[in-house]
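Written below as structure tokens is the structure these notes are about.
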Amino acid sequence: LTEACLTEIEGAGALNGFVHHTPEIARDQARAADARRGADAPALNGIPLGIKDLFCTKGVPSQAASRILSGFRPEYESTVTRKLFESGAVMLGKLNMDEFAMGSSNETSTYGDAVNPWRTDDRKLTPGGSSGGSASAVAADLCLAATGTDTGGSIRQPAAFTGITGIKPTYGRVSRWGIIAFASSLDQAGPMTKDVRDAAILLREMCGHDPLDSTSADLAVPDFEAALTGDIRGKTIGIPREYRMDGMPEEIEALWTRGREMLADAGARIVDISLPHTKYALPAYYVIAPAEASSNLARYDGVRFGHRAKLAQGDGIADMYEKTRAEGFGDEVQRRVMVGTYVLSAGFYDAYYNRARKVRTLIKRDFEQVFAEGVDAILTPATPSAAFGLGEMAHADPVQMYLNDVFTVTVNLAGLPGISVPAGLDGKGLPLGLQLIGRPWEEGDLLNTAYALE
Ligand code: GLN
Numbered sequence: 026l027t028e029a030c031l032t033e034i035e036g037a038g039a040l041n042g043f044v045h046h047t048p049e050i051a052r053d054q055a056r057a058a059d060a061r062r063g064a065d066a067p068a069l070n071g072i073p074l075g076i077k078d079l080f081c082t083k084g085v086p087s088q089a090a091s092r093i094l095s096g097f098r099p100e101y102e103s104t105v106t107r108k109l110f111e112s113g114a115v116m117l118g119k120l121n122m123d124e125f126a127m128g129s130s131n132e133t134s135t136y137g138d139a140v141n142p143w144r145t146d147d148r149k150l151t152p153g154g155s156s157g158g159s160a161s162a163v164a165a166d167l168c169l170a171a172t173g174t175d176t177g178g179s180i181r182q183p184a185a186f187t188g189i190t191g192i193k194p195t196y197g198r199v200s201r202w203g204i205i206a207f208a209s210s211l212d213q214a215g216p217m218t219k220d221v222r223d224a225a226i227l228l229r230e231m232c233g234h235d236p237l238d239s240t241s242a243d244l245a246v247p248d249f250e251a252a253l254t255g256d257i258r259g260k261t262i263g264i265p266r267e268y269r270m271d272g273m274p275e276e277i278e279a280l281w282t283r284g285r286e287m288l289a290d291a292g293a294r295i296v297d298i299s300l301p302h303t304k305y306a307l308p309a310y311y312v313i314a315p316a317e318a319s320s321n322l323a324r325y326d327g328v329r330f331g332h333r334a335k336l337a338q339g340d341g342i343a344d345m346y347e348k349t350r351a352e353g354f355g356d357e358v359q360r361r362v363m364v365g366t367y368v369l370s371a372g373f374y375d376a377y378y379n380r381a382r383k384v385r386t387l388i389k390r391d392f393e394q395v396f397a398e399g400v401d402a403i404l405t406p407a408t409p410s411a412a413f414g415l416g417e418m419a420h421a422d423p424v425q426m427y428l429n430d431v432f433t434v435t436v437n438l439a440g441l442p443g444i445s446v447p448a449g450l451d452g453k454g455l456p457l458g459l460q461l462i463g464r465p466w467e468e469g470d471l472l473n474t475a476y477a478l479e
């Protein structure tokens with residue numbers, strides 16, 4: 026398997042999915058896996074994976090696709106990758122992404138754009154972002170599955186754009202230790218896979234309590250794979266009216282209807298629900314995420330790791346910080362740092378950051394209310410459109426790009442599990458995804474409902 030993947034990767038350079046190749050590590054791990062073959066081999070024995078560049082991997086470049094981390098090779102392994110390797114997984118290399126996971130198109134990477142293997146004409150399409158390299162590599166069969174991270178949709182949106190499955194677990198289910206931080210109260214890692222069963226297996230191997238992450242939940246890890254019975258009779262699925270946006274393309278509307286019908290045919294009860302604060306989610310997210318990012322990214326100062334600018338005679342330490350950060354961070358990252366420091370500044374803290382935190386609580390309560398009324402899962406489209414052309418949105422107003430996250434950010438703000446599953450093709454033949462949102466800690470149930478949609 027490992028050799029087959031390495032060969033595929035060699036022929037797929039144009040997708041720009043893998044940005045750092047680790048064939049020696051992969052072969053060593055594969056040989057060790059072969060030696061362990063047998064009934065008591067671990068769950069992922071010999072399974073070749075791609076790892077998003079946001080995960081720190083010991084001795085292997087881990088740059089969050091940013092110039093500012095050039096040359097950085099961590100001294101330690103992230104908890105997620107450590108657990109995957111202990112379960113027998115093989116690392117093929119590091120995968121492309123938006124710089125520091127900020128973006129929805131994989132166009133902010135220092136390694137250049139990742140490309141979607143799907144296309145309908147000469148136009149190159151985005152695989153989505155920020156886990157664009159992960160999505161592209163899984164969809165193109167360069168690896169059996171990949172890791173992703175999701176702060177506002179970065180697992181689910183690229184999964185939808187490339188016709189694969191991606192789950193963002195409940196906040197706290199997966200350890201964030203060793204994952205380069207973007208917005209710490211929103212970030213969660215999760216698997217990006219070819220189907221729901223693979224997602225269940227990989228998630229089980231990734232999660233669990235970790236004393237190194239104070240927000241990691243001390244809960245037993247259920248066997249998510251065993252939850253896949255396909256039986257959803259009697260489950261209640263909510264359809265939130267606020268997700269029916271003005272100007273929503275007809276094919277997205279049709280996809281949503283089809284999903285509803287499939288779940289009803291499988292025996293679920295479909296109910297209309299209301300999540301009244303949905304329209305404030307995107308603005309609240311784009312205050313909270315940059316605020317936390319500006320704080321997390323303060324550590325990149327040219328002193329401790331990564332890039333340091335060349336200094337001129339007479340430059341002081343402030344010049345060193347300024348030049349290093351100006352050279353090391355791309356435009357989108359600089360924009361977020363500026364927005365974040367602005368909303369956190371003494372004069373504006375109450376007007377923006379505190380207000381956004383209050384809105385976040387209201388969004389969370391909307392979900393708590395519908396779950397208390399007996400809803401088991403919520404069905405929505407994963408994205409407002411199919412994959413768009415590379416370059417098409419990058420030069421427009423950044424707010425246009427932010428609108429891609431309209432269906433996904435609520436889930437992060439509320440800390441809930443959400444999954445995107447492929448659900449058919451649009452008129453041009455491009456994949457579309459449906460999103461299911463579940464109750465906290467009920468990933469097994471959520472995966473099983475997604476399984477019924479597959
Ligand atoms: N597109 C969103 C952003 O740019 C989400 C990114 C993510 O989930 N990492 O912030």
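Each residue of the sequence shown is one higher than the one before, starting from 26 at the first, in full-length UniProt numbering. Backbone N, C-alpha and C define an ideal beta-carbon position, used for all residues, glycine too.
With contacts defined as CB atoms closer than 8 Å, G263 and V400 qualify as a contacting pair.
Looking only at L478, G443, L79, L457, the smallest Cα-Cα distance to G463 is reached by G443.
When the Cα atoms are used, M217 and G158 turn out to be separated by approximately 11 Å. For F43, the enclosing beta strand (DSSP E) covers residues 43 to 46. Restricting attention to E100, G96, A185, V115, the CA atom closest to the CA of P142 is found in A185. Within the model, the alpha-carbon separation for P48 versus A448 is close to 34 Å.
Beta bridge pairing from DSSP links Q54 with no other residue.
Considering only A318, Y268, P247, A351, the residue with the shortest C-alpha distance to S299 is Y268. If you check the CB distance, Q182 and G203 do not come in under 8 Å. Under the rule that a run must span 3 or more residues, the beta strand (DSSP E) segments found entirely inside the segment 65 to 109 read 73 to 77. For A29, the enclosing alpha helix (DSSP H) stretches over residues 27 to 35.
Apart from the 5 residues on each side of it in sequence, C168 sits with its Cβ closer than 6 Å to the Cβ of C30, P73, L74, G75, L117, A162 in its chain, given in chain order. For K260, there is no enclosing beta strand (DSSP E), as DSSP marks it with neither H nor E. Taking the Cβ of S134 as the reference point, every heavy atom of the ligand GLN lies at 7 Å or farther away. Less than 8 Å separates the beta-carbon of L322 from that of V362. Restricting attention to L471, G355, L457, the CA atom closest to the CA of G188 is found in L457. By the Cβ test, the segment 338 to 353 is not in contact with the segment 302 to 318, since fewer than three Cβ pairs between them sit closer than 8 Å. Residue pairing from DSSP places M116 in a beta bridge opposite L74. In the displayed model, I180 falls within coil according to three-state DSSP, outside both helix and strand. Our two residues, N473 and F97, have alpha carbons roughly 40 Å apart in a direct line. Note that the C-beta distance between A51 and G113 is not below 8 Å. Secondary structure at R361: helix, using DSSP grouped into helix, strand and coil. The segment 386 to 405 and the segment 428 to 446 touch, with three or more beta-carbon pairs separated by less than 8 Å. Contact check between the segment 266 to 284 and the segment 243 to 257: fewer than three CB pairs, one atom from each, fall below 8 Å, which does not count as touching. In this structure, the C-beta of F207 approaches the ligand GLN to less than 7 Å from one of its heavy atoms. With a contact defined as Cβ atoms closer than 8 Å, I313 and A419 miss out at about 24 Å.
Not one heavy atom of the ligand GLN sits closer than 7 Å to the Cβ of A90. When DSSP states are grouped into helix, strand and coil, V163 belongs to the helix group. Collapsing the DSSP output to three states places Q394 in a helix. For I180, the closest C-alpha among the options D146, N379, G215, V199 is that of G215. Per the DSSP secondary-structure output, V199 pairs with nothing in a beta bridge. For secondary structure counted as the alpha helix (DSSP H) over 4 or more consecutive residues, the segment 202 to 242 holds these complete runs in sequence order: 221 to 231. In the structure shown, the three-state DSSP call for Q425 is helix.
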